[in-house]
Amino acid sequence: MTRGRATTLVMVMLVMAGCTQNAAPPRDPGKVVLPVKQVDVPGRLYATKGRSLYRFSGSHLTKLLAGIKVKDPAVDASGAQLAFAQLQDQSSTIGICDARGGNLESITPAAGPEGKLWAFAPHYSDDGQRIVYLSDRLKLPSNPQNLRPNDLAVFGQDLGGGAARRLVVPVPYSGGDSDPALRPGANEQLLYTTYLYGGAPLEPVARLTWVSLRTGTRVYLSPDGARNFAPAFSPDGRFVAFVRAGAGSDNLYVMPLAASYSREPRPAPSDAALQLQAGIVSQPVWAPDGSAIAFLMLVNGSFDLFILPVAGTPDGTIHATGPAKAVTHGSFLDADSRLAWSP
Amino acid sequence: MNHSGTAGVPRGGGLRRGHWVVLGAIALCLVLVGGVLLYLSPVLALLDNHDLSPAKPVATPAATPPPLDSKQRVNILLLGSDNDQKFAQNAVLSQTMIVVSIDPAKRQVTLLSLPRDLWVAIPGHASAKIDLAYAEGGAPLARATVEKVFRIPIHYYAWIGLDGLVKVVDRLGGVDVDVLHPVLDDNYPNDFSDSGYGTERVYLAAGPQHLDGRHTLQYVRSRHGDLLSDFGRSVRQQQVLLAMQQRTAGMDLVTALPSFARDLNGHVKTDLDLVRLTQLMLFMRGLHAGDVHQAFITPFVRDAVSPDGQQILQADWPAVNAYLRRLFGGDLLP
Numbered sequence: 001m002t003r004g005r006a007t008t009l010v011m012v013m014l015v016m017a018g019c020t021q022n023a024a025p026p027r028d029p030g031k032v033v034l035p036v037k038q039v040d041v042p043g044r045l046y047a048t049k050g051r052s053l054y055r056f057s058g059s060h061l062t063k064l065l066a067g068i069k070v071k072d073p074a075v076d077a078s079g080a081q082l083a084f085a086q087l088q089d090q091s092s093t094i095g096i097c098d099a100r101g102g103n104l105e106s107i108t109p110a111a112g113p114e115g116k117l118w119a120f121a122p123h124y125s126d127d128g129q130r131i132v133y134l135s136d137r138l139k140l141p142s143n144p145q146n147l148r149p150n151d152l153a154v155f156g157q158d159l160g161g162g163a164a165r166r167l168v169v170p171v172p173y174s175g176g177d178s179d180p181a182l183r184p185g186a187n188e189q190l191l192y193t194t195y196l197y198g199g200a201p202l203e204p205v206a207r208l209t210w211v212s213l214r215t216g217t218r219v220y221l222s223p224d225g226a227r228n229f230a231p232a233f234s235p236d237g238r239f240v241a242f243v244r245a246g247a248g249s250d251n252l253y254v255m256p257l258a259a260s261y262s263r264e265p266r267p268a269p270s271d272a273a274l275q276l277q278a279g280i281v282s283q284p285v286w287a288p289d290g291s292a293i294a295f296l297m298l299v300n301g302s303f304d305l306f307i308l309p310v311a312g313t314p315d316g317t318i319h320a321t322g323p324a325k326a327v328t329h330g331s332f333l334d335a336d337s338r339l340a341w342s343p
Numbered sequence: 344m345n346h347s348g349t350a351g352v353p354r355g356g357g358l359r360r361g362h363w364v365v366l367g368a369i370a371l372c373l374v375l376v377g378g379v380l381l382y383l384s385p386v387l388a389l390l391d392n393h394d395l396s397p398a399k400p401v402a403t404p405a406a407t408p409p410p411l412d413s414k415q416r417v418n419i420l421l422l423g424s425d426n427d428q429k430f431a432q433n434a435v436l437s438q439t440m441i442v443v444s445i446d447p448a449k450r451q452v453t454l455l456s457l458p459r460d461l462w463v464a465i466p467g468h469a470s471a472k473i474d475l476a477y478a479e480g481g482a483p484l485a486r487a488t489v490e491k492v493f494r495i496p497i498h499y500y501a502w503i504g505l506d507g508l509v510k511v512v513d514r515l516g517g518v519d520v521d522v523l524h525p526v527l528d529d530n531y532p533n534d535f536s537d538s539g540y541g542t543e544r545v546y547l548a549a550g551p552q553h554l555d556g557r558h559t560l561q562y563v564r565s566r567h568g569d570l571l572s573d574f575g576r577s578v579r580q581q582q583v584l585l586a587m588q589q590r591t592a593g594m595d596l597v598t599a600l601p602s603f604a605r606d607l608n609g610h611v612k613t614d615l616d617l618v619r620l621t622q623l624m625l626f627m628r629g630l631h632a633g634d635v636h637q638a639f640i641t642p643f644v645r646d647a648v649s650p651d652g653q654q655i656l657q658a659d660w661p662a663v664n665a666y667l668r669r670l671f672g673g674d675l676l677p
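Protein chains in written order, with our numbering: chain B, 1 to 343; chain U, 344 to 677.
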């Protein structure tokens, strides 16, 4: 075919295509965009966009901690203290400050004998005295010719001045664990996501994991051969919201939690979980009064902030009481960064 | 009746109205053709960039593409290479080999990843890892190797370098990917350092997220923190391909194509012609997630050591061939 004929044919095809579809791929607007019909946010809900921290409260949007790159905000139960991962050049630390962004200090080192360090995903105990987070401290030195495990593990630290302690050992070469949270009302119980490999042939797996920090008992709450992750406790500690990956989906589920576990429950509690929201969902977090769950969801190519009203039933389950409402619109919020919600 | 008093102008003294119309039409056509050529020039320049025949002749002839209006399967060999400064530009290994098989009749696309460490017979060369074929003989030898070893007819190829992937993802405005595991790499090759030998620390959280070009490259390229090694990387590469396909679903190709071509010039080599490229882009744009199938031969390979002491993958060829027959049916080469 000659170049001239090819050009003509292509033009015809392109014009046909242009006539049928004219949408450009959605672009990051570079700012948080609120919908025309604004949704009032009860309490204070924290999220990040472009590694900047934002607070949604009522109809107000406030940018906090200017000039600091923030990931994974957390807030204590009173709403007085914030914690977050402070990103630096190829390292990160856990920073804490008051709710207005004042009195900022780092409570973890950016480097140690092991080299530069990461720290992410802080989470307060409900009394605000303790924090759990992820770090690659205690990793083995490694180089391109000798790659050794450097996976993220869950660490705990008393904010009163105690030393950091590794609480669980991750599966080597899995990338490490994620999403640590202490159970409200039972701070000796830890919930997190274990990343590992399962099935035959091996495939990536993510399992919800419960640990008693008192006895050391560790049980999986979700099955092998599946990816269940991002657990978030309800304020009373009785329920867990989480995300389950399916074929082309990451749906939001909720399940009840027993008071304690001495052995691995069968069937896995996650198998009986109820789906609350279908879509590509990430980073669920409960409202402080348990009346809603906020999450990020991919809509039209942008991760935006949504609030889903929920309520308990007499039979001890949680269900949605209405559709999820969009707090932001086309804002490209950081879907890899946790949300936090305080009164 | 003439009321103006100008009726006496002789008709033969200038151009008649018909002439002006014809001249105007010609001028309009010239402007349109010029505009079209100007518009398509980046695309044509991109498509002119392809691998010449290798120094050593390739024994197996490349498959002939089916006619444009046929419903026959079209197979494209996607090749990706680390082509940063530490490699000679004409001798890079193919670190990614994916056969994209488009079946218009069934309206399906299959992505078949070929492990780069697979030990195969390269036509005209000794047995070696399959990634060596591209380094030794460019795209012609890579496609000849795939045709000979797997009996898959390869109608076209497309090669992309590191910069090319970053640019195409950024041009798409990023991609949305469900990161399967946390990616943690203290020794990630810093692709854009001056020497090409630098390293940097990389962290990507697990879960659904939006990735720009640079982070997409880190996701598909990192080797640390993945026990599945090459298989894990193949899964991630296919994930990103699917995410890119989904991102293009709503695009206006009229305005997008030249911009893509400008971005990719120098970072992509292909023997796809303009008409086929456009036809395939339109076809791919109309696909839904369920129309794209991911395939791997990893279950049929095992770790081994080559006679010269390299860590390689050895295939169970009867099992691989049976698997390919299930995937391609009667479309395999004899």
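Even glycine gets a Cβ: it sits at the ideal position worked out from N, Cα and C.
Beta-carbon proximity list for residue i, same chain, < 8 Å, skipping 5 on both sides
i	result
A311 (chain B)	S291, I318, H319, T321
G348 (chain U)	Per-residue confidence for G348 (chain U) stands at a pLDDT of 42, beneath the threshold of 50, marking its modelled position as unreliable; the derived number appears in the next sentence. For G348 (chain U), where only same-chain residues beyond five positions count, there are no Cβ hits under 8 Å.
G556 (chain U)	L508, V509, K510, V511, V512, D513, G517
Other residues of its chain near residue i: CB distance less than 7 Å, five sequence neighbours each side excluded
i	result
D336 (chain B)	none
G246 (chain B)	none
P149 (chain B)	K139, L140, P172, Y173
R668 (chain U)	L675
S302 (chain B)	P26, G330, S331, F332
Minimum C-alpha distance to residue i - residue among the options
i	options	result
E114 (chain B)	B:S59, B:N143, B:S106, B:Y124	B:N143
T193 (chain B)	B:G175, B:L202, B:A186	B:G175
V452 (chain U)	U:Q657, U:P661, U:D634, U:V663	U:D634
P204 (chain B)	U:Y500, U:V578, U:T407, U:L375	U:V578
P483 (chain U)	U:S437, U:S444, U:P447	U:S437
T215 (chain B)	B:A230, B:R227, B:S262	B:S262
L475 (chain U)	U:D513, U:L422, U:G673, U:K414	U:L422
L600 (chain U)	U:L584, U:L676, U:R514, U:A647	U:R514
A604 (chain U)	U:R590, U:L547, U:T621, U:Q589	U:T621
L182 (chain B)	B:W210, B:K116, B:Y54, B:K49	B:W210
S92 (chain B)	B:E264, B:D271, B:L117, B:I107	B:L117
L560 (chain U)	U:R416, U:G481, U:T439	U:T439
A380 (chain B)	B:A99, B:A232, B:S331	Summary: the structure shown does not reach residue 380 (chain B), with chain B confined to residues 1 through 343, and so no result is reported for it.
Y499 (chain U)	U:V417, U:R566, U:R590, U:D528	U:V417
L339 (chain B)	B:Y46, B:L34, B:G58	B:Y46
Contacts that residue i makes with chain B (C-beta to C-beta distance below 9 Å)
i	result
A501 (chain U)	Simply none; closest approach about 17 Å.
A632 (chain U)	A247, G248
Neighbour list for residue i in chain U, Cβ cutoff strictly below 7 Å
i	result
K116 (chain B)	R544
R263 (chain B)	Those do not exist, as R263 (chain B) stays about 27 Å from chain U at its closest Cβ, beyond 7 Å.
N228 (chain B)	By Cβ distance, chain U contributes nothing, its closest Cβ being about 11 Å from N228 (chain B), past 7 Å.
F332 (chain B)	H553
Q90 (chain B)	E543, R544
Chain-ordered chain B contacts of residue i [CB-CB under 7 Å]
i	result
P551 (chain U)	D250, I280, S282, L298, A335
H524 (chain U)	S174, G175, Y195, P204
N530 (chain U)	S142, N143, P144, L147
A665 (chain U)	What A665 (chain U) touches in chain B: nothing, since even the nearest Cβ is about 16 Å away.
D651 (chain U)	Residues of chain B passing the Cβ test: none, with the nearest at roughly 19 Å.
Closer than 8 Å at the beta carbon, the chain B residues around residue i
i	result
T641 (chain U)	P201
A476 (chain U)	Ordered by position in chain B, no residue passes the 8 Å Cβ test against A476 (chain U), which lies about 25 Å from the chain.
Own chain residues within Cβ distance below 6 Å of residue i, not counting five before or after
i	result
N22 (chain B)	With a pLDDT of 47 at N22 (chain B), under the threshold of 50, the predicted position of this residue should be treated as unreliable, and no value is reported.
V663 (chain U)	I640, F643
P551 (chain U)	D521
N187 (chain B)	S125
P409 (chain U)	Q415
Partner residues on chain U for residue i, Cβ-Cβ distance less than 9 Å
i	result
F359 (chain B)	Look at the range of chain B in this structure, 1 to 343, and you will see that residue 359 (chain B) is not part of it.
D224 (chain B)	The contacting residues do not exist; D224 (chain B) stays about 15 Å from chain U at best.
Contact set between residue i and chain U, taken where Cβ atoms lie within less than 8 Å
i	result
R27 (chain B)	G516
L308 (chain B)	Those do not exist, as L308 (chain B) stays about 17 Å from chain U at its closest Cβ, beyond 8 Å.
A245 (chain B)	D521
beta-carbon residue i near the ligand NAP non-hydrogen atom, thresh 8 Å
i	result
G198 (chain B)	The ligand content of the structure shown is nil, which means the ligand NAP is not present either.
Problem set entry | Cβ contact (3+ pairs, closer than 8 Å) linking the segment 152-168 of chain B and the segment 122-132 of chain B | yes
Problem set entry | Within the segment 513-565 of chain U, ranges of the beta strand (DSSP E) (whole runs, at least 3 residues) | 518-522, 526-532, 542-547, 550-554
Exercise. Which full runs of the alpha helix (DSSP H) of 4+ residues lie inside the segment 435-512 of chain U, going along the chain?
Worked result: 475-493
For this session: Indicate whether the contact test is met: 3 or more Cβ pairs, each with one atom in the segment 485-495 of chain U and one in the segment 514-533 of chain U, closer than 8 Å.
Result: no
Exercise. Should the segment 69-82 of chain B be regarded as contacting the segment 357-367 of chain U, the criterion being three or more beta carbon pairs within less than 8 Å?
Worked result: no
Exercise. So, do the segment 605-614 of chain U and the segment 650-660 of chain U have three or more beta carbon pairs nearer to each other than 8 Å?
Worked result: no
Exercise. Can we say the segment 253-273 of chain B touches the segment 98-109 of chain B, given the rule of at least three CB pairs closer than 8 Å?
Worked result: no
For this session: At 3 residues or longer, and completely inside the segment 224-306 of chain B: list those beta strand (DSSP E) runs for me, N to C.
Result: 228-233, 239-246, 249-256, 274-277, 281-286, 292-299
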